[in-house]
Amino acid sequence: MKKIIIAIDGFSSCGKSTMAKALARNIGYLYFDSGAMYRAVALYCMQNGLINDTKIDIETLRGKMQDIQITFEADPDTKNSLTFLNGVNVEHEIRSLEVSRLVSQVAALDFVREEMVDRQREMGKAKGIVMDGRDIGTTVFPNAEMKIFVTASAEVRAQRRYDELTARGDNANFQEILDNVLQRDHIDQTREVSPLKQAEDALLLDNSNMTREEQMNWLIEKFNSLTE
Ligand code: DC
Numbered sequence: 017m018k019k020i021i022i023a024i025d026g027f028s029s030c031g032k033s034t035m036a037k038a039l040a041r042n043i044g045y046l047y048f049d050s051g052a053m054y055r056a057v058a059l060y061c062m063q064n065g066l067i068n069d070t071k072i073d074i075e076t077l078r079g080k081m082q083d084i085q086i087t088f089e090a091d092p093d094t095k096n097s098l099t100f101l102n103g104v105n106v107e108h109e110i111r112s113l114e115v116s117r118l119v120s121q122v123a124a125l126d127f128v129r130e131e132m133v134d135r136q137r138e139m140g141k142a143k144g145i146v147m148d149g150r151d152i153g154t155t156v157f158p159n160a161e162m163k164i165f166v167t168a169s170a171e172v173r174a175q176r177r178y179d180e181l182t183a184r185g186d187n188a189n190f191q192e193i194l195d196n197v198l199q200r201d202h203i204d205q206t207r208e209v210s211p212l213k214q215a216e217d218a219l220l221l222d223n224s225n226m227t228r229e230e231q232m233n234w235l236i237e238k239f240n241s242l243t244e
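Converting from the sequence shown to the working numbering requires adding 16 to each position, the first position being numbered 1.
In structure tokens, the structure reads:
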């Protein structure tokens with residue numbers, strides 16, 4: 017069966033990663049979380065004193081890009097993908113609200129995007145991958161054979177993020193999360209470099225009222241029709 021590239025883009029917290037991971041597992045493809053790479057760069061800034069008063073020290077970060085190694089490894093127990101920053105497992109830290117607050121600023125920097133896009137293309141060389149993000153179908157892999165653009169209402173997305181944070185024992189405030197979702201939507205859609213938008217040839221998936229099972233059946237049907 018021919019191997020393809022599957023690009024899954026869409027708004028934050030609409031379940032892209034969960035969906036992309038499950039799809040990759042189902043069809044035996046590798047999964048890459050491109051958002052985790054931008055989050056790891058944001059965490060690097062926090063850990064290395066590159067944040068002054070919520071502003072990033074852009075020139076220092078530019079000079080440090082080659083010192084930021086980001087790798088993925090499968091969790092030996094759950095088989096889920098874990099993100100490593102310079103050899104340290106940072107999967108938990110990169111999901112914190114502090115990183116979420118900072119990451120859109122980091123992802124709007126042209127030199128950060130150029131570097132991440134190069135690394136992402138390298139990961140897709142052998143095909144057989146599912147990658148999720150914001151610009152995968154438009155910029156990273158404009159020739160991806162299967163492109164999905166996912167969306168859901170802001171309230172549904174904030175509720176999902178709230179449930180996720182409280183399930184892992186973090187303090188969460190719904191209004192704060194909703195504000196963060198709306199703010200990230202705005203920054204992601206209006207930034208100059210690779211703004212979030214649906215690729216012309218992407219299939220739209222609004223999952224506000226879909227179960228995970230319905231969603232998976234829909235994806236598998238599309239995948240089968242493209243690879244048969
Ligand atoms: O999907 P996420 O919430 O983990 O993404 C974190 C941030 O990174 C979000 O603000 C959008 C940005 N991002 C991006 O600009 N391009 C990508 N391909 C993936 C994520």
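Beta carbons: idealized from backbone N, C-alpha and C, even for Gly.
Please work out which residues of its chain come closer than 8 Å, Cβ to Cβ, to residue i, disregarding the five sequence neighbours upstream and downstream, and give them in chain order.
i: residue 118; result: 58, 61, 62, 67, 70 and 72
i: residue 34; result: 228
I'd like to confirm something about residue i: is its beta-carbon nearer than 8 Å to some heavy atom of ligand 1, or not?
i: residue 77; result: no
i: residue 54; result: yes
i: residue 126; result: no
i: residue 32; result: yes
i: residue 212; result: yes
i: residue 29; result: yes
Mapping DSSP to helix, strand and coil, what is residue i?
i: residue 97; result: strand
i: residue 222; result: strand
i: residue 142; result: coil
i: residue 149; result: strand
i: residue 27; result: coil
i: residue 239; result: helix
i: residue 187; result: coil
Who are the near neighbours of residue i in its chain, counting only those whose CB is closer than 7 Å to its CB and skipping five residues on each side?
i: residue 89; result: 98 and 100
Could you tell me which residues DSSP pairs with residue i in its beta bridges?
i: residue 86; result: 101
i: residue 49; result: 148
i: residue 42; result: None, per the DSSP bridge assignment.
Under 8 Å by Cβ, that's how I've got residue i and residue j pegged, so tell me the actual separation to the nearest angstrom.
i: residue 46; j: residue 145; result: 5 Å
i: residue 148; j: residue 32; result: 4 Å
i: residue 127; j: residue 81; result: 7 Å
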